[in-house]
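Colleague:
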Amino acid sequence: MKILTGNDLKTGAVTWWDGQDWSLHVEDAVDVGDKAEEIMGREESARRVNVPYAIDAELDGNGKVRPAHIKDRVRALGPTVRPDLTLKPTEPEALNWVI
Amino acid sequence: MYKYDQYDQAMVDARVEEFRDQTRRRLDGSLAEEHFRPLRLMNGLYLQLHAYMLRVAVPYGTLNSDQMHALADIAEKYDRGYGHFTTRQNIQYNWIKLEDAPDILADLAKVEMHAIQTSGNCIRNISSDHFAGAAADELVDPRPYAEILRQWSSFHPEFSYLPRKFKICVIASDTDRAAMRLHDIGIQIVKNDAGELGAAFYVGGGMGRTPIIAPCINEFVPLDQLVTYSEACLRVYNRYGRRDNKYKARIKILVHELGKEEYTRQVEEEFAHMLEQGVEPPLAELERIKTYFQDPDFKTGLTDRADRSDPDFALWIDRNCHKHKAPGYVSATISLKPVGGIPGDASVEQMHLMANLAKEYSFDECRVTHAQNIVLPHVEIGRLHELWTKLEEAGLGTPNLDRIDDIIACPGLDYCSLANARSIPVAQKISERFAANGKADELGQLKLKISGCINACGHHHAGHIGILGVDRKGVENYQLLLGGSEAEDTSLGKITGPGFSEDGIVDAVEKAADVYLAHREDGERFLDTYRRIGMDPFKEALYG
């Protein structure tokens, strides 16, 4: 599947296209099929996202969206060396799928 | 240390307001990202893996306590409670919001700091010896020369759009503590047979994907021609550097392709022409700058002995303190490498503490080292125990300078959008491994450096042991290098062979260390043994 990611213009936070808006959580990402360019152009023009790009992803055994490349998996959760600064600071095991 | 004059302050203040307006226009949509990106980069603002990253310049690594407090305040107010000291003697913040960036720059300007020219194809922060002005073995304090080059290179219109970034280093001792020959221009202040001071120019060094040790192109440039000669070096590069290919655009490629002799000939020709133009700043300006770097008011009659009855304290003195030019003083290094810690990271509390200790114990000064530690340059030996006790209480008393756990590591894939692999977890695991097996003490000096990609921000080419993280079909893989050095015996490490997994590289480092322990002769460091016995015994242990 193809999903879209980028950064929030004001905060720089990593965001994912959920079909309607940009979510902080990769689990909300939707398959955009062949609509990537169209969505990115529209959303960037509206300044709802900064520097968006399309990546490959897949669903894991629990049906959760996981980016194919490690770099995007690190982006999805946060630095592996600072679990306290990730999106799930109280769940250190959340990093298990990143690496 | 240097104090801004009205021109410095006016330039920095004007840049803050200019960037505030640019940011406003980006946020309201008047500026597209493609137009804004070069503007934010000129102010040190990158877009990294998790957020914007701001790189703040620390000229030649020197800070006063007010500046260190300000850096801590920024970490607390605008970031997530910590900063990362880098191999370029700068500091980076990883969680910056674009809308806050102008206010951060304004806060920096209040303490005579900025982020200008910390990115982009321009002359970057001038680096220097972290013991400058304190070391017993230096000819002079190199920082006035670094400062005049900083002023010359700041906003220099001719050098704002170079083929690639450009890094200059200035030292003034035969012992190289700043990786001088691995810079685009490395300058060593030297003395000639007549006893006059001059500058030896090493041009075309660097790490990255094509590591090269800079050759010396002129052994003695009179100091009243320092800026002119630097400008001649830059002009030839600016004219002929490879703008067509990013990977061949650094000056090291130009010097290598032209050859040292031809590059030097062109520089000398340009230099002769420029001498007639009178571009050198008046000597009075250098003398004015020197007044800011006069020795602090060192006391006399101080004890040169510390009470070594506490073995932990004695160990810290032996490992983390450096001989000072003034009797009764040492330069003390605060290690930012606790066992299992993140190299170069310091919390808000630690930064405030280091600022307070600089004020109380070191004439209001501290330094950032290229090895990602902090130095208090002028500490009375008689007050060392008091200082060490406070450091210990804050987790800053690790006695490991230049040892295997004093690891240089770039931010790697945990933070950096260019990285292919994580650096920090590897550093943490190696540090923990050698703390657990007790071999660190036995190994003595062993400089280990890790980069998460070929750009080599973690100086892996120059490590006695170097590690380079690569991407192998989407999986992190780590190459091992042996035999590098960033010191006066500069050398580039060689790759041992096929790479290793994250855990495998930790085992590999231990095996390499064991080979050294098995083969070393009296007084040999790891590097000396490697140079004597060569790669084969290490390869045998790693792959045999």
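Chains as they are written, first to last, in this note's numbering: chain A, 1 to 99; chain B, 1001 to 1544. Virtual Cβ for every residue (Gly too), placed ideally from N, Cα, C.
(1) What did DSSP end up calling Lys1290/B once you bin it into helix, strand or coil?
(2) Based on DSSP bridge pairs, tell me the residues matched to Lys1323/B.
(3) Between the C-alpha atoms of Arg1143/B and Thr11/A, what's the straight-line distance to the nearest angstrom?
(4) Return the residue from the list Leu1063/B, Glu1270/B and Ala1115/B that minimises the CA-CA distance to Glu1231/B.
(5) Does the beta carbon of Ile70/A sit closer than 8 Å to a beta carbon anywhere in chain B?
(6) Tell me which residue opens and which closes the beta strand (DSSP E) that Asp1471/B is part of.
(7) Give a yes or no on whether the minimum CB-CB distance between Arg1422/B and chain A is below 8 Å.
(8) Let me check understanding here. Comparing Cα to Cα, which of Leu9/A, Asp84/A, Pro92/A and Val81/A lies closest to Ala1032/B?
(9) If you follow the beta strand (DSSP E) that Glu1476/B is in, where does it begin and where does it stop?
(10) Under 8 Å by Cβ, that's how I've got Ser1154/B and Gln1117/B pegged, so tell me the actual separation to the nearest angstrom.
(11) For Gly1029/B and chain C, any beta-carbon pair shorter than 8 Å?
(12) Nearest by alpha-carbon distance to Leu1448/B: which of Cys1416/B, Gln1372/B, Val1348/B and Leu1376/B is it?
(13) So is Pro83/A in contact with chain B if we call contact Cβ pairs under 8 Å?
(14) So, Leu1098/B versus Tyr1052/B, is the Cβ gap smaller than 8 Å?
(15) Could you check where the beta strand (DSSP E) with Val1509/B kicks off and where it finishes?
(16) Does Val26/A come out as helix, strand or coil in the three-state DSSP assignment?
(17) In the DSSP assignment, find the unbroken beta strand (DSSP E) run with Lys1447/B in it and report its ends.
(18) In its own chain, which residues sit with a C-beta less than 8 Å from the C-beta of Ile70/A, not counting the 5 before and 5 after it?
(19) Quick one: is Glu78/A near chain B, going by C-beta distance under 8 Å?
(20) Show which residues of chain B have a CB atom less than 7 Å away from the CB atom of Arg75/A.
(21) Closest to Thr1369/B by CA distance: which of Phe1166/B, Ala1072/B, Gln1006/B and Arg1177/B is it?
(22) Would you identify the three-state DSSP class for Met1001/B, choosing helix, strand or coil?
(23) State buried or exposed for Asn62/A, treating a residue as buried only when at least 16 other CB atoms are found within 10 Å of its CB.
(24) Within 10 angstroms of its Cβ, does Val1279/B collect 16 or more other Cβ (buried), or is it exposed?
(25) Going by beta carbon distance, what residues of the same chain come within less than 7 Å of Asp31/A, once the five residues before and after it are set aside?
(26) Compile a chain-ordered list of the residues in the segment 1399-1425 of chain B whose CB is closer than 7 Å to at least one CB of chain A.
(27) Using the rule of at least 16 other Cβ atoms within 10 Å of the residue's Cβ for burial, across every protein chain shown, is Asn104/A buried or exposed?
(28) Alpha carbon to alpha carbon, how far is Cys1233/B from Arg1308/B?
(29) Closest to Arg1164/B by CA distance: which of Ile1212/B, Arg1181/B and Leu1254/B is it?
(30) For Asn1218/B, write down the residues that DSSP places opposite it in a beta bridge.
(31) Counting along the chain, where does the alpha helix (DSSP H) carrying Trp97/A start and finish?
(32) Leaving out the 5 sequence neighbours to the left and right, which residues in its chain are closer than 7 Å to Asp1402/B when beta-carbon positions are compared?
(33) Output, in chain order, the set of chain A residues within a Cβ distance shorter than 8 Å of Leu1098/B.
(34) Out of Met1535/B, Val1016/B, Trp1095/B and Met1042/B, which one is the CA nearest neighbour of Asp1107/B?
(35) Do the CB positions of Val1058/B and Asn1090/B come within less than 8 Å of each other?
(36) Please classify Asp1174/B as buried or exposed, where buried requires at least 16 other C-beta atoms within 10 Å of its C-beta.
Modeller: So, from the listed chains and residues:
(1) Here the question's residue 1290/B lines up with position 290 in the second sequence. In this structure, Lys1290/B counts as helix in the three-state DSSP scheme.
(2) On the second sequence, residue 1323/B is found 323 positions in, with the first residue counted as 1. Lys1323/B is bridged to Val1330/B.
(3) In the second sequence, the residue the question calls residue 1143/B occupies position 143. In the first sequence, the residue the question calls residue 11/A occupies position 11. When rounded, the distance between both Cα atoms is 37 Å.
(4) For the purposes of this step, residue 1231/B is identified with residue 231 of the second sequence, where counting begins at 1. The residue with the shortest Cα to Cα distance from Glu1231/B is Glu1270/B.
(5) Residue 70/A sits at position 70 when you count from the first residue of the first sequence. Ile70/A counts as touching chain B.
(6) Here residue 1471/B refers to the residue found at position 471 when the second sequence is read from its first residue. It spans Ile1465 to Arg1472 - the beta strand (DSSP E) in which Asp1471/B sits, taken as one unbroken run.
(7) Translated into the one-based positions of the second sequence, residue 1422/B becomes position 422. Taking Cβ atoms only, chain A reaches closer than 8 Å to Arg1422/B, which makes this a yes.
(8) Locating residue 1032/B in the second sequence gives position 32, counting from the first residue. Closest by alpha carbon: Leu9/A.
(9) Residue numbering aside, residue 1476/B sits at position 476 when the second sequence is read from its first letter. Val1475 to Leu1482 is the span of the beta strand (DSSP E), which, as asked, contains Glu1476/B.
(10) Within the second sequence, numbered from 1, the residue matching residue 1154/B stands at position 154. Within the second sequence, numbered from 1, the residue matching residue 1117/B stands at position 117. That pair is a contact at about 7 Å.
(11) The structure shown contains no chain C; its protein chains are A and B.
(12) Taking the second sequence and counting its residues from 1, the one referred to as residue 1448/B is at position 448. Considering only alpha carbons, the answer is Gln1372/B.
(13) On the first sequence, position 83 is the one that residue 83/A refers to. No, no contact with chain B.
(14) Along the second sequence, read from residue 1 onward, the residue named residue 1098/B stands at position 98. Along the second sequence, read from residue 1 onward, the residue named residue 1052/B stands at position 52. Going by C-beta atoms, Leu1098/B is nearer than 8 Å to Tyr1052/B.
(15) The residue labelled residue 1509/B in the question sits at position 509 within the second sequence. Per DSSP, Val1509/B belongs to no beta strand (DSSP E); it is in the alpha helix (DSSP H), Glu1502 to His1519.
(16) Taking the first sequence and counting its residues from 1, the one referred to as residue 26/A is at position 26. Note: Val26/A maps to helix in three-state DSSP.
(17) To locate residue 1447/B, count along the second sequence from 1; it is residue 447. Unbroken run through Lys1447/B: none, as it is neither H nor E.
(18) Within the first sequence, the letter at position 70 stands for residue 70/A. Val98 and Ile99.
(19) Numbered from 1 along the first sequence, position 78 holds the residue referred to as residue 78/A. The sequence shown places Gly at residue 78/A, rather than the Glu named in the question. For Gly78/A, the answer is yes, since a Cβ of chain B falls inside 8 Å of its Cβ.
(20) One-based indexing of the first sequence puts residue 75/A at position 75. What Arg75/A touches in chain B: Leu1049 and His1050.
(21) Translated into the one-based positions of the second sequence, residue 1369/B becomes position 369. Of the listed residues, the one whose Cα sits closest to Thr1369/B is Arg1177/B.
(22) For the purposes of this step, residue 1001/B is taken as residue 1 along the second sequence, with counting starting at 1. In this structure, Met1001/B counts as coil in the three-state DSSP scheme.
(23) Numbered from its first residue, the first sequence carries residue 62/A at position 62. It is exposed - the Cβ of Asn62/A has fewer than 16 other Cβ atoms within 10 Å.
(24) Position 279 of the second sequence holds residue 1279/B. So Val1279/B counts as exposed.
(25) Mapped onto the first sequence, residue 31/A falls at position 31. Excluding positions up to five away in sequence, the list reads Met1, Lys2 and Ile3.
(26) Leu1413, Asp1414, Tyr1415, Arg1422, Ile1424 and Pro1425
(27) What is shown of chain A runs 1 to 99, which leaves residue 104/A out entirely.
(28) Against the second sequence, residue 1233/B aligns to sequence position 233. Against the second sequence, residue 1308/B aligns to sequence position 308. Answer to the nearest angstrom: the Cα atoms are 50 Å apart.
(29) For the purposes of this step, residue 1164/B is identified with residue 164 of the second sequence, where counting begins at 1. Closest option to Arg1164/B, Cα to Cα, is Leu1254/B.
(30) What you label residue 1218/B is simply residue 218 of the second sequence in a count that begins at 1. Paired residues: Phe1201/B.
(31) Your numbering for residue 97/A matches position 97 in the first sequence. Unbroken run through Trp97/A: none, as it is neither H nor E.
(32) Here residue 1402/B refers to the residue found at position 402 of the second sequence. Here the set comprises Gln1445 and Lys1447.
(33) Here residue 1098/B refers to the residue found at position 98 of the second sequence. Those within 8 Å of Leu1098/B in chain A are Leu9, Lys10, Thr11 and Gly12.
(34) For the purposes of this step, residue 1107/B is identified with residue 107 of the second sequence, where counting begins at 1. Out of Met1535/B, Val1016/B, Trp1095/B and Met1042/B, Val1016/B has the C-alpha closest to the C-alpha of Asp1107/B.
(35) Against the second sequence, residue 1058/B aligns to sequence position 58. Against the second sequence, residue 1090/B aligns to sequence position 90. Yes; because the gap between Cβ atoms is below 8 Å, this pair is in contact.
(36) As a first step, residue 1174/B must be located in the second sequence, where it is residue number 174. Burial call: exposed.
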